[in-house]
Ligand SMILES: Cc1ncc(C[n+]2csc(CCOP(=O)(O)OP(=O)(O)O)c2C)c(N)n1
Ligand SMILES: [Mg+2]
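Numbering (our numbering), first residue to last: 57 to 671.
#1: What residues sit near ligand 2, counting only those whose C-beta is closer than 5 Å to one of its heavy atoms, in chain order?
#2: For residue 220, which residues does DSSP report across the bridge?
#3: Any idea if residue 331 is buried or exposed, counting beta-carbon neighbours within 10 angstroms, 16 or more meaning buried?
#4: Secondary structure at residue 356, three-state DSSP: helix, strand or coil?
#5: Looking at residue 738 and ligand 1, is the gap between the Cβ and the nearest heavy atom below 8 Å?
#6: Pairing CB atoms from the segment 444-458 with CB atoms from the segment 504-512, are three or more of them under 8 Å?
#7: For the alpha helix (DSSP H) that contains residue 62, what are its first and last residues?
#8: Mapping the DSSP letters down to three states, classify residue 314 as helix, strand or coil.
#9: Mind checking if residue 226 is an interface residue toward chain C, Cβ cutoff 9 Å exclusive?
#10: To which residues does DSSP link residue 538 through a beta bridge?
#11: Return the chain-ordered list of same chain residues with a C-beta closer than 7 Å to the C-beta of residue 359, the five sequence neighbours on each side being excluded.
#12: Short of 8 Å in beta carbon distance, which residues of its chain neighbour residue 99, apart from the five on each side in sequence? Order them along the chain.
#13: Since residue 313 and residue 296 are thought to touch, with beta carbons under 8 Å apart, how far apart are those beta carbons, to the nearest angstrom?
#14: Looking at residue 607 and residue 536, is the spacing between their C-beta atoms short of 9 Å?
#15: Whose CA, out of 158, 140, 386 and 446, lies closest to the CA of residue 151?
#16: On the DSSP letters alone, give me the boundaries of the beta strand (DSSP E) that residue 88 sits inside.
#17: Beta carbon of residue 617, beta carbon of residue 543: below 9 Å?
#18: Just checking my contact of residue 604 with residue 486 at CB under 8 Å: how many whole Å lie between their CB atoms?
#19: Would you mind sorting residue 345 into buried or exposed? The rule is 16 or more other CB atoms within 10 Å of its CB.
#20: Among all the DSSP beta bridges, which residues are the ones paired with residue 98?
#21: Helix, strand or coil, according to DSSP, for residue 436 in the structure here?
#22: From the DSSP output, in three-state form, read off residue 247 for me.
#23: Below 8 Å on the Cβ atoms is my contact criterion, and I expect residue 599 with residue 420 to pass it. Report the Cβ-Cβ distance as a whole number of Å.
#24: Contact between the segment 201-216 and the segment 161-175: three or more CB pairs below 8 Å?
#25: For the segment 423-492, which segments carrying the alpha helix (DSSP H) assignment without a break, of at least 4 residues, lie completely within its bounds, in sequence order?
#26: On the three-state DSSP scale, how would you describe residue 328?
#27: Do you know offhand how far residue 62's Cα is from residue 123's?
#28: Is it the case that the segment 280-297 contacts the segment 571-588, given that we only count it when at least three CB pairs across the two stretches are under 8 Å?
#29: Compare the C-alpha of residue 281 against each of 340, 416, 429 and 270 and name the closest.
#30: Go ahead and pull the three-state DSSP assignment for residue 335.
#31: Please classify residue 400 as buried or exposed, where buried requires at least 16 other C-beta atoms within 10 Å of its C-beta.
#32: Return yes when the C-beta of residue 400 is under 8 Å from any heavy atom of ligand 1, and no when it is not.
#33: Using beta-carbon positions only, say whether residue 355 and residue 185 come within less than 9 Å of one another.
#34: So, helix, strand or coil for residue 382, using DSSP?
#35: Count the other CB atoms within 10 Å of the CB of residue 555; is the residue buried (16 or more) or exposed (fewer)?
#36: My understanding is that residue 620 touches residue 547, with C-beta atoms under 8 Å, so please give their C-beta distance in whole angstroms.
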C-alpha cells in the first residue's frame with residue numbers, strides 16, 4: 057500500500073469527513089490519496105491560515121478533530137496563526153504537511169539554510185504551538201506516529217498535532233500489517249477521590265451558608281464535554297450562573313439564572329452580580345485577568361471563593377497575585393461533577409430569593425441596549441443590531457465572531473438561544489478568524505447556514521475566503537461591522553494615548569476600500585444598512601435562503617464598546633462612569649476608594665466621543 061493512501065485511510069477511520077487543503081508539489085501525493093476516498097471531502101481555502109482556522113471551527117462544532125494538509129515552507133509558515141488558535145483554546149486536530157524529500161534535507165550539508173526548494177524546519181516552527189510535532193523520516197514509523205499524535209491530541213488537555221511527511225516517504229510502499237502500533241503508556245490516573253471528596257465537602261459548607269452565591273462555568277466544562285452535568289448542577293442548586301466567553305452558549309441569554317457574563321469587557325448587570333456575591337464557585341475557568349480585572353484582588357472581593365481547576369499552576373497563581381481563594385480544588389471537572397453529584401441528594405441550601413430579585417433588577421435596569429441607542433440616526437448601533445439579530449436567528453444556528461469591538465459587542469449584546477453555538481478564537485483572537493472559521497463550521501454542520509460577524513479590519517485579513525464561500529455555495533451570512541477603522545484600537549488610544557489615533561483610521565494609514573464592491577465582485581449577494589429603519593426585515597432577508605450574503609452595517613466611526621473598563625478600575629465600575637450615588641446604591645459590598653473619589657463624577661467621559669468627522 058502506498059504510504060499516502062495509508063494516511064488517508066487512517067484519518068477517514070477517525071470519522072473526519074472533511075479535509076482543508078492547500079496543495080503544492082510536496083504534498084500532492086497525500087492530497088491525491090485523500091481525494092480518491094469517497095468518505096472524505098476535500099475543501100480548498102485560498103490561504104493556509106484560513107485552512108487552519110476552518111479546522112479550528114470544525115473541531116469546535118463536530119467535537120471531533122479537524123484536518124488540514126499543506127505544502128512545505130510557506131504552506132506551513134502560513135498555517136501557524138491558525139494552529140495557535142487551536143493550541144490556546146485546547147482543541148484537538150491534525151495538521152499534515154508535505155516536506156522536501158529526505159535526500160534534500162539541509163542536514164546533509166552542514167551549515168546551509170536550505171537544500172530542498174521551499175525547505176523549512178516545520179517541526180521547530182510549530183513545536184511551541186502544538187501538543188506534538190514530528191517528522192516522519194522512515195516510512196515504517198507512520199502508524200506509530202499517527203496513533204501517538206492522535207492519542208496526544210485528544211487526551212489530557214487537548215490540542216493540535218503536526219505531522220511532517222517528506223515527499224519521497226509519501227510515495228513509499230508499506231505493508232500495514234508489519235507496522236508498529238502505538239500503545240499509550242496509560243499512566244493510571246491517580247485521582248485521590250478521598251481528598252477530592254473532602255474538598256467538595258468544604259465547598260458545600262460554604263454553599264450552605266451563602267446568601268448571594270454565583271456559579272462560574274469556564275471553558276474546561278466544554279473541553280471535558282461536561283455541559284449536561286454542569287447544567288444539572290445549576291438546576292439542582294438553582295443559583296445564578298456567570299458564564300465566560302467560552303461557555304456563553306450553554307445557557308440561554310434570557311434564562312433568569314444567567315447573570316450576563318463578567319469581566320473587563322462584559323455587562324454592568326453581570327459585573328454588579330459577581331462583584332457583590334458572597335460566594336463565587338468557579339468550575340473550569342482559569343479566571344484570568346480579563347475575567348477578574350486587575351489587580352485580581354479587586355475581583356469579587358467580598359466573596360468566599362471556591363475554584364476547581366485541573367492545573368495546579370493555575371490554582372497557585374491566585375495566591376501569587378493576591379486573590380484569596382478559600383477552597384482550591386485541583387481536579388478534572390469530570391471527576392468534580394461525579395463526586396459533587398453524589399453529594400447533592402438531600403442537601404438543603406438557604407433561600408436566595410432576595411438575591412435573585414436583585415439580579416433581575418440589574419438585568420432590567422442596565423440593559424446592554426438601552427432605549428436611547430435605538431434612537432440613533434444615520435448609522436447602525438451594534439447593540440441595536442445584535443438585539444435584532446438575536447430575535448431573527450433560530451435554534452441550532454452557529455454564530456462566529458471575529459476580534460476587536462465586534463467580538464466584545466457580540467458577547468455583550470447577542471442573546472443566545474438554546475442549541476445555538478457562539479464562538480470565536482478566544483485566546484489567540486486573530487483578525488480574520490471568523491470568516492475562515494465560518495467555512496469550517498458550515499462543513500461541520502451539514503452545510504447549514506452560519507452567521508459570521510466581522511469588522512472591516514478583520515475582513516481584510518482573510519478577504520480571499522469570500523471566494524471559497526462562493527465557490528462552494530456555502531450559506532454563510534456575513535454581517536460586516538463597518539466602522540471604517542480599528543474601533544477597539546481607537547478606544548484603547550483614547551484611554552492610553554490621548555486619542556492619538558496612530559495606524560487605526562484611514563487618515564492615519566489604514567486602507568478603507570469599498571467592501572460592497574469587493575463582495576459583489578466575488579459573487580456574494582450584498583445588502584447595506586445605514587440606519588435602524590427596516591432592520592429586522594433586512595436581517596430576515598439576509599438570513600433566508602442558501603446564498604452567501606454580505607450585509608454591510610454602516611456604523612458611526614466613533615461607536616465604542618459600551619460599557620468598557622478603563623485601566624485600573626474594578627470590573628463593577630466600567631466606562632462610561634455611572635453617577636456616583638447611583639453606583640453606590642448598586643453596591644452591596646463596600647466600593648473601592650478609587651470608585652468614590654471626587655474625580656470620578658458622572659460626565660467625566662462621554663461616549664461615544666463625538667468628534668468632527670473629516671472624511
Ligand atoms: C492578526 C492580528 N493583527 C493585529 C491584531 C490587533 N488588533 C486587534 S483588534 C484590531 C482592530 C480590528 O479592527 P476591526 O476588525 O475593524 O474591528 P473593530 O474593533 O473596528 O470592530 C487589531 C488591529 C490582531 N488581533 N490580529
Ligand atoms: Mg472596524
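Glycine is no exception: its CB is placed at the ideal position from the N, C-alpha and C atoms.
Just so we're clear, the structure is a prediction, and the values are computed from it rather than from any experiment.
With the structure as the only source:
#1: 511, 512, 513, 539 and 543
#2: Beta-bridge annotation (DSSP): residue 220 is paired with 153 and 191.
#3: By the beta-carbon neighbour count (other beta carbons within 10 angstroms, threshold 16), residue 331 is buried.
#4: Three-state result, residue 356: coil.
#5: The requested residue 738 is not part of the displayed model; the chain covers only 57 to 671.
#6: yes
#7: The continuous alpha helix (DSSP H) containing residue 62 extends over residues 59-69.
#8: strand
#9: In the displayed structure, chain C is absent; only one protein chain is listed.
#10: 610
#11: 333, 334, 335 and 336
#12: 74, 75, 76, 77, 110, 495, 499, 524 and 528
#13: 5 Å
#14: yes
#15: That would be 140, whose Cα lies nearest to the Cα of residue 151.
#16: Premise fails: residue 88 lies in the alpha helix (DSSP H), 84-91, not in any beta strand (DSSP E).
#17: Yes; because the gap between Cβ atoms is below 9 Å, this pair is in contact.
#18: Approximately 22 Å separates the beta-carbon atoms of residue 604 and residue 486; this is outside 8 Å, ruling out the contact.
#19: exposed
#20: Looking at the DSSP assignment, residue 98 forms a beta bridge with 75.
#21: coil
#22: coil
#23: Taking C-beta atoms under 8 Å as the contact rule, residue 599 and residue 420 fail to qualify, at a distance of about 29 Å.
#24: no
#25: Runs found: 427-430, 438-448 and 461-469.
#26: Three-state DSSP puts residue 328 in a helix.
#27: 15 Å
#28: Verdict: no, contact absent.
#29: Here the closest residue by C-alpha is 340.
#30: strand
#31: exposed
#32: Residue 400 has its Cβ no nearer than 8 Å to any heavy atom of ligand 1.
#33: no
#34: DSSP places residue 382 in coil when its eight states are reduced to three.
#35: Exposed, since its Cβ has fewer than 16 Cβ neighbours within 10 Å.
#36: 7 Å
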